[in-house]
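Here is the structure we will look at.
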Amino acid sequence: MSVDATPPLLELRAVERTYVMGDNIVRALRGVDLIINKGESVALMGTSGSGKSTLMNILGCLDQPTKGTYLINGRPANGLSRSELADVRGKMIGFVFQSFNLLSRTSALENVEMPLMYQGVSTRERRKRAMAALQRVGLTGREDHHPSQLSGGQQQRVAIARALITNAPVIMADEPTGNLDSKTSHDVMGILQGLVAEGKTVVLVTHEADIAAYAARVVTLRDGQIIDDHTQVPVPTEAA
Amino acid sequence: MNILTTLWLALRALWRNKVRSMLTMLGIIIGIGAVIAMVAAGQGAQESVKQVFAGLGTNVLMVSNGSAPNFGPSGGAGSKLSLTWDDLAALSTEVSSIKYVAPALQTRTQLASEDNNWNSQVIGTTGTWFKIRNWKAAQGVVLDEDTGSSAAKVVVIGKTVATQLFGQASPIGQNVRINGQPFEVVGVLESKGQGPMGDYDDTLIIPVKTYQQKLEKGLAKYIKGQFLITMADGATAEKTMAAVTSLLRDRHKLGISDEDDFRIRNPAEFAKAQQDSTDRISTLLALVAAASLFVGGIGVMNIMLVSVIERTREIGIRMAVGAKPGNIMTQFLVESLVLSALGGLLGLGLGALFAKWMASYFGWPLFFPVKTAAIAVGVAGGVGVVFGLYPAIRASQLDPITALRYES
Ligand SMILES: Nc1ncnc2c1ncn2[C@@H]1O[C@H](COP(=O)(O)OP(=O)(O)OP(=O)(O)O)[C@@H](O)[C@H]1O
Ligand SMILES: [Mg+2]
């Protein structure tokens, strides 16, 4: 047991995740130990099916380990009810997905302010913070645009603004650049790197080495196990 | 989450599928419409029955000449005259279940005061008639046993007649010319208002003897009118009618195979028949209401299930950003509640229109049952909640990861 005064932000101990599909048992994670501290930027890499998304879903409290322990700020997150998990997600974690996952036929502004509705924030306050978040990702003037009226890069920025609005300390991004061209990908990574500079913790899943290069730490998975975990000097952001 | 925000989300979601929402509401609209129409009809009919009793008095039987099965205000239209003054006396003394009995002869005739003319219904009767009809004077007096049995040229007039002939002036002590003959007004009756057969207050009453002398050819053996009877407390209509029948058949010396030469009618039965027919309409409408509310509820459930599937990804997104299962459930529940309650409101309008049509068709007073309306909208909302519950629970039970991966 650790005797440190402050426990790590996120800590996995011997985490396993098993999917049972009829007779078929898929062991997506087989004993993962991982500590992520506040302010880190971590890229999860590995071949397809190695368990990156599964790991990220558990870290993001969208899923729960079949076995093992998950601690957030030293407090166990496994065994929480669905409602409690939702609460943790709302307060601690902002998600950015490969497929953006914005609400269609809903304006950028409303997409961004949506998480605050579940925290009982007043309409006026929501509006104000959503405007600020959109400005932060360089989308001022696009508040009323619907996702279908925005480019992929712009949609992903709306998604990042949505992840920012709750002031969650952790951003989880599962292949955030997977649907973007190279130029837009680097823009998006610049924004994420800016968040790390502000003290946020960013965990991202990627297949691409030049995207992983933005992170200060790279964790590589294979067959549900961590096979490599090293730190590096992140590439500097070009004109973010 | 804030209630207004939730409502706003629900309205927006419904507005996005306007036509679908409208079609879904149809069952609820018809159901609630039927409820409103039903209650309005029931109350209207009940009120009209009440008016009949208010006008005729309670526990009343009517005996008229002849056997023609007619039921109108102009009693005594029977083809063959058979009722006599002696019959009247015999009824009052020999039938124990009769509390009051009075003759009523009536005709429409021309009236005149100093300044005005009017045409109204004159009734010739005795003082007992006022007890039977339970009708008191608002001004002056009604006929009593003495004046009612005399040949005095006095008259008690209804409110409508008073207004038509004398305007705002007090009619007491003034003269009314009935068929050209001057009568002194001794009383004005309390207003009874509108009845199913017209204005109760458009009438005037004079002593029966005076009636026969001045409006008929003079005193006669037969009574060209009807008897009004109030049954004694606790007496049944059946027994009283049997007693009256046997007494009159006896007095009229009718043989075993002869038909009655008089006719006894029970207004309560008429009222009951009317009540029965509106009860039947009400039952029918209640069935329609229940069936369409049920079908409407199933429709709501069906559409909400479709909606949950269509919006699986939206649910996943909302859950990912912190929506609790309870939030998702509330969102869908409020949506089906709003859908049904809106249907209820539209149904209210439809029901009100239908009630209005029925009231004018059947000649009932128009009722808009406010309390029922409130309950009906509540019921509609309740249908929304009950039938929306299952879809809402399904939505809230979705796994966020599966929901996020869902391809529509
Ligand atoms: N819901 C599920 N049911 C059954 N098996 C699953 C489920 N989700 C993931 N798996 C399996 O778990 C393993 C890890 O999947 P995961 O999605 O974590 O891989 P990944 O590393 O994210 O791959 P990719 O790079 O293709 O996204 C795979 O073998 C996958 O088939
Ligand atoms: Mg993946």
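Chains as they are written, first to last, in this note's numbering: chain H, 1 to 240; chain U, 1 to 408. Ideal Cβ placement from N, Cα and C applies to all residues, glycine included. Note that the structure is predicted; figures quoted are calculated from it, not measured.
With DSSP as the reference, identify every bridge partner of residue i, one or two as the case may be.
i: residue 56(H); result: Answer is none; residue 56(H) lacks a bridge partner.
i: residue 199(U); result: 194(U)
i: residue 222(H); result: 225(H)
i: residue 137(U); result: 189(U)
i: residue 237(U); result: In the DSSP output, where bridge partners are listed per residue, residue 237(U) has none listed.
i: residue 118(U); result: 111(U)
i: residue 67(H); result: 16(H)
i: residue 24(H); result: 21(H)
i: residue 11(H); result: 35(H), 71(H)
i: residue 407(U); result: DSSP output for residue 407(U) lists no bridge partner at all.
i: residue 43(H); result: 204(H), 218(H)
Less than 8 Å between the CB atoms is what I'm expecting for residue i and residue j, so what's the real figure, rounded?
i: residue 137(U); j: residue 187(U); result: 4 Å
i: residue 383(U); j: residue 28(U); result: 6 Å
i: residue 183(U); j: residue 141(U); result: No, residue 183(U) and residue 141(U) are not in contact; Cβ-Cβ is about 14 Å, not under 8 Å.
Can you find a CB in chain U that lies within less than 8 Å of the CB of residue i?
i: residue 147(H); result: no
i: residue 79(H); result: no
i: residue 62(H); result: yes
i: residue 107(H); result: no
i: residue 73(H); result: no
i: residue 19(H); result: no
i: residue 87(H); result: yes
i: residue 179(H); result: no
i: residue 118(H); result: yes
i: residue 83(H); result: yes
i: residue 239(H); result: Low per-residue confidence applies at residue 239(H): pLDDT is 43, beneath 50, and the placement is therefore not dependable, though the value from the model is reported in the following sentence. Residue 239(H) does not count as touching chain U.
i: residue 115(H); result: yes
i: residue 103(H); result: yes
i: residue 57(H); result: yes
i: residue 142(H); result: no
i: residue 162(H); result: yes
i: residue 90(H); result: yes
Looking only at its chain, what residues have a beta carbon closer than 7 Å to the beta carbon of residue i, apart from the 5 residues adjacent to it on each side?
i: residue 17(U); result: none
i: residue 315(U); result: 328, 395, 398, 403
i: residue 71(U); result: Low confidence applies to residue 71(U): its pLDDT is 47, below 50, so where it sits in the model is not reliable enough to give any reading.
i: residue 138(H); result: 157
i: residue 401(U); result: none
i: residue 21(U); result: 14, 339
i: residue 140(H); result: 134
i: residue 354(U); result: 33, 37
i: residue 76(U); result: Annotation note: pLDDT 44 at residue 76(U) (below 50); position unreliable, coordinate value reported separately. Counting only Cβ-Cβ distances below 7 Å, and skipping sequence neighbours, we find 64, 65, 105, 224, 225, 226.
Quick one, are the C-beta atoms of residue i and residue j less than 8 Å apart?
i: residue 300(U); j: residue 341(U); result: no
i: residue 155(H); j: residue 147(H); result: yes
i: residue 174(H); j: residue 56(H); result: yes
i: residue 42(H); j: residue 235(H); result: no
i: residue 418(U); j: residue 123(U); result: Residue numbering for chain U in the displayed model covers 1 to 408; residue 418(U) lies beyond these limits and cannot be assessed.
i: residue 222(U); j: residue 55(U); result: no
i: residue 32(U); j: residue 347(U); result: yes
i: residue 98(H); j: residue 176(H); result: yes
i: residue 65(H); j: residue 15(H); result: yes
i: residue 88(U); j: residue 98(U); result: no
i: residue 94(H); j: residue 166(H); result: yes
i: residue 113(U); j: residue 159(U); result: no
i: residue 227(U); j: residue 63(U); result: yes
i: residue 161(U); j: residue 202(U); result: yes
i: residue 61(U); j: residue 229(U); result: yes
Counting only C-beta atoms, is residue i closer than 8 Å to chain H at any point?
i: residue 329(U); result: no
i: residue 309(U); result: no
i: residue 324(U); result: yes
i: residue 404(U); result: yes
i: residue 16(U); result: yes
i: residue 314(U); result: yes
i: residue 3(U); result: no
i: residue 13(U); result: no
i: residue 317(U); result: yes
i: residue 10(U); result: no
i: residue 321(U); result: yes
i: residue 400(U); result: yes
Within its chain, find whatever has a CB closer than 6 Å to the CB of residue i; leave out the 5 residues flanking it on each side and keep chain order.
i: residue 240(H); result: Note that residue 240(H) scores a pLDDT of 42, beneath 50, so its modelled location is shaky and nothing firm can be said.
i: residue 74(U); result: Unreliable placement is indicated for residue 74(U), whose pLDDT of 43 sits below 50; no coordinate value is reported for it.
i: residue 10(U); result: 334, 335, 338
i: residue 78(U); result: Residue placement at residue 78(U) is poorly supported in this model, since its pLDDT is 45, which falls under 50; the coordinates still yield a value, given next. Excluding positions up to five away in sequence, the list reads 64, 65, 66, 68.
For a contact meaning CB atoms closer than 9 Å, what does residue i contact in chain A?
i: residue 394(U); result: Included in the structure are the protein chains H and U, with no chain A among them.
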